[in-house]
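See structure below.
Residue numbers (our numbering): 105 to 266.
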């Protein structure tokens, strides 16, 4: 498939925003670690090119899941998000795929555990942007985060607020 100028600009803009915005510093992941790891046989994380917090989030996941986590840096991260129906307004720097779910952004493992326990009829969940203090991000939490349910290429409302 050929790379159009629009796709190239969109990919570069996404990479630039996610590569610079908020990946500095380190989060206090101890606040988000679980007492018992989440059982996920295999998971695939798609990282934005040049984004350090994607690797930090993957490291956090490896500490909090029982299973294998693979990481890939695709040529077109936007295409991955489109493939998994992540709405534009809910996107972050990385996309995690496992079982029948997609997890967009710096979602704490507790939310992933809740998702796997409840098994709701949704495509996945998203914590949009790159909020300070989330797993893999630097800084301190500045108020509640809304994790949205995703379904059919749109937000389905709040899944959980943490």
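Built from N, CA and C at the ideal position, the CB exists for glycine as well.
According to the DSSP assignment, residue 150 belongs to no alpha helix (DSSP H) but to the beta strand (DSSP E) extending over 142-151. A residue is called buried when at least 16 other Cβ atoms come within 10 angstroms of its Cβ; residue 143 does not meet this threshold and is exposed. With a threshold of 16 other beta carbon atoms within 10 Å, residue 221 falls short and is exposed. Bounds of any alpha helix (DSSP H) do not take in residue 243, whose DSSP letter is neither H nor E. Secondary structure note for residue 205: its beta strand (DSSP E) is the uninterrupted segment 205-209.
Around the beta carbon of residue 256, fewer than 16 other beta carbons lie within 10 angstroms, which makes this residue exposed.
By the Cβ test, the region 221-235 is in contact with the region 188-197, since at least three Cβ pairs between them sit closer than 8 Å. At the C-beta level, residue 202 and residue 146 come within 8 Å of one another. Note that the C-beta distance between residue 210 and residue 150 is not below 8 Å.
A residue is called buried when at least 16 other Cβ atoms come within 10 angstroms of its Cβ; residue 208 meets this threshold and is buried. DSSP places residue 255 in no alpha helix (DSSP H) but in the uninterrupted beta strand (DSSP E) bounded by 250-255. Rounded to the nearest whole angstrom, the CA to CA distance from residue 262 to residue 218 is 14 Å.
Listed as beta-bridge partners of residue 199 by DSSP are 150 and 208. Distance from the CA atom of residue 164 to the CA atom of residue 239, rounded to whole angstroms, is 7 Å. Close CB contacts of residue 161 within its chain, under the 7 Å cut and outside five residues either way in sequence, are with 198, 210, 239 and 240 (chain order). Going by DSSP, residue 171 is part of the beta strand (DSSP E) stretching over 169-176.
The beta carbon of residue 228 lies closer than 6 Å to those of 205, 206, 207 and 254 in the same chain, with the five residues before and after it left out.
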